[in-house]
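Under my numbering, residues 58 to 108 are what the sequence shown spells out, in order.
The beta carbon of each residue, even a glycine, is placed where N, CA and C say it ideally should be.
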Amino acid sequence: MEQILNNPRFEKYALWFMTGKIAPESGQIAPALAHYGQEPTDLPPSEKKIG
């Protein structure tokens, strides 16, 4: 695991992988598919009648 996180391609994910936290100001980010920090999506009720 250490070899992967030390690879320059993946260094930006090291903090997120080890702690679940990010530090964008330091270049430490979460992968796009991590669902980290996304706003909740509150959809209005559908007007479609069912049944």
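Rounding to the nearest angstrom, what Cα-Cα distance links residue i and residue j in this structure?
{"i": "residue 75", "j": "residue 107", "result": "46 Å"}
{"i": "residue 65", "j": "residue 105", "result": "50 Å"}
{"i": "residue 68", "j": "residue 101", "result": "40 Å"}
{"i": "residue 79", "j": "residue 88", "result": "10 Å"}
{"i": "residue 58", "j": "residue 82", "result": "24 Å"}
{"i": "residue 77", "j": "residue 70", "result": "10 Å"}
Tell me the DSSP secondary structure of residue i in three-state form.
{"i": "residue 80", "result": "strand"}
How far does the alpha helix (DSSP H) with residue i in it reach, from first residue to last?
{"i": "residue 68", "result": "Neither: residue 68 is in no alpha helix (DSSP H) and is coded neither H nor E."}
Does the separation of the CB atoms of residue i and residue j fall below 8 Å?
{"i": "residue 72", "j": "residue 60", "result": "no"}
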